[in-house]
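There are 2 protein chains.
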Amino acid sequence: MEHTLIEKQLKAAADLNRIKLLACMKNGEVCVCDFVDILGISQPAVSQHLRKLKEAGIITERKVGTWKHYRLVEEQTPLMQGILAQIQPLNRCNCDTDCCHGGNEHE
Amino acid sequence: MEHTLIEKQLKAAADLNRIKLLACMKNGEVCVCDFVDILGISQPAVSQHLRKLKEAGIITERKVGTWKHYRLVEEQTPLMQGILAQIQPLNRCNCDTDCCHGGNEHE
DNA sequence: TCCTTATATAAGCATTTTCTTATATATTGT
DNA sequence: ACAATATATAAGAAAATGCTTATATAAGGA
Numbered sequence: 100m101e102h103t104l105i106e107k108q109l110k111a112a113a114d115l116n117r118i119k120l121l122a123c124m125k126n127g128e129v130c131v132c133d134f135v136d137i138l139g140i141s142q143p144a145v146s147q148h149l150r151k152l153k154e155a156g157i158i159t160e161r162k163v164g165t166w167k168h169y170r171l172v173e174e175q176t177p178l179m180q181g182i183l184a185q186i187q188p189l190n191r192c193n194c195d196t197d198c199c200h201g202g203n204e205h206e
Numbered sequence: 100m101e102h103t104l105i106e107k108q109l110k111a112a113a114d115l116n117r118i119k120l121l122a123c124m125k126n127g128e129v130c131v132c133d134f135v136d137i138l139g140i141s142q143p144a145v146s147q148h149l150r151k152l153k154e155a156g157i158i159t160e161r162k163v164g165t166w167k168h169y170r171l172v173e174e175q176t177p178l179m180q181g182i183l184a185q186i187q188p189l190n191r192c193n194c195d196t197d198c199c200h201g202g203n204e205h206e
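Next up, the structure:
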């Protein structure tokens, strides 16, 4: 891999909150409202972290009504495969909002 | 691995100059004067980068007279093993100083 | 259409990072 | 002991990062 691409992906992963985001997504799709609850930071802060991971090609998104569900990209670079393998999964759903516990959960 | 240790090692590796330092050390020991030449930054800047890698447990050092030789630690965490495997080696010696081309090389 | 909800973007601020120059420390050679 | 060389540390400036609050956008329901 190119050194600059390695740098981009490492920078995207090198933050405790973003590591937790990745840890959550190891169990499947997660919506933004979950992350706010899990990380204890504001919703815009979560959006900004997710954007950084997306720009590094690590995650992708899917629109579900008003909500947006984020998940790990299937074809990770070998670098990210190695990193993700070391991140312990986190229970992805701690919140009480409808996106997770209501009828529309993940179609 | 613990999320906070992962963060520490990712942060240490997530910089283009430090990636190049690691790339050089894949070929063996390197002394500081080499790095100054290779990276094109000042000697104190190189020292600071090396300190960060050392504090993350990724590299170690050996004193050789006035010089100091840095190398990768033998027992890397599984995280760093995966990352290092993706970093292309760089020819470690570009400079013309005695530490590399003189008689005292690596003793 | 209007209101509510979920998410994204913008702007501003505090903290952290990474460089620089100047100086300190340690080793070698005279 | 003194001078020269290699590296480390200190201090300060500039840039990047990560948060906040305020606002914009988009979708769903009354």
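For the protein sequence lines, the chains are A and B, in the order given. Residues 100 to 206 (this note's numbering) make up the first sequence, in order. Residues 100 to 206 (this note's numbering) make up the second sequence, in order. Think of the CB as a built atom: it goes at the ideal place given N, C-alpha and C, for glycine as much as any other residue. Please read all numbers here as calculations on a predicted model, not as lab measurements.
Could you pull the DSSP bridge partners for residue i from this structure?
i: residue 163 of chain A; result: A:166
Rounding to the nearest angstrom, what Cα-Cα distance links residue i and residue j in this structure?
i: residue 207 of chain B; j: residue 171 of chain B; result: Outside the displayed span of chain B (100 to 206) sits residue 207 of chain B, for which this structure offers no information.
i: residue 117 of chain A; j: residue 110 of chain A; result: 10 Å
i: residue 189 of chain A; j: residue 123 of chain A; result: 5 Å
i: residue 113 of chain A; j: residue 166 of chain B; result: 32 Å
i: residue 153 of chain A; j: residue 162 of chain B; result: 43 Å
i: residue 184 of chain B; j: residue 180 of chain A; result: 12 Å
i: residue 133 of chain A; j: residue 173 of chain B; result: 40 Å
i: residue 144 of chain A; j: residue 151 of chain A; result: 11 Å
Below 8 Å on the Cβ atoms is my contact criterion, and I expect residue i with residue j to pass it. Report the Cβ-Cβ distance as a whole number of Å.
i: residue 104 of chain A; j: residue 103 of chain B; result: With a Cβ gap of about 26 Å, residue 104 of chain A and residue 103 of chain B do not count as contacting.
i: residue 125 of chain B; j: residue 186 of chain B; result: 7 Å
i: residue 131 of chain B; j: residue 141 of chain B; result: About 11 Å separates the two Cβ atoms, so there is no contact after all.
i: residue 108 of chain B; j: residue 158 of chain B; result: Residue 108 of chain B to residue 158 of chain B, Cβ: 12 Å. No contact.
i: residue 149 of chain A; j: residue 119 of chain A; result: Not a contact, Cβ separation roughly 12 Å.
i: residue 129 of chain B; j: residue 169 of chain B; result: 6 Å
Can you have a look at residue i and say buried or exposed, based on whether 16 or more other CB atoms are within 10 angstroms of its CB?
i: residue 155 of chain B; result: buried
i: residue 106 of chain A; result: buried
### Message
Going residue by residue through the stretch 113–174 of chain A, where are the continuous alpha helix (DSSP H) segments of at least 4 residues, counting only ones entirely within it?
### Response
115–124, 131–138, 142–154
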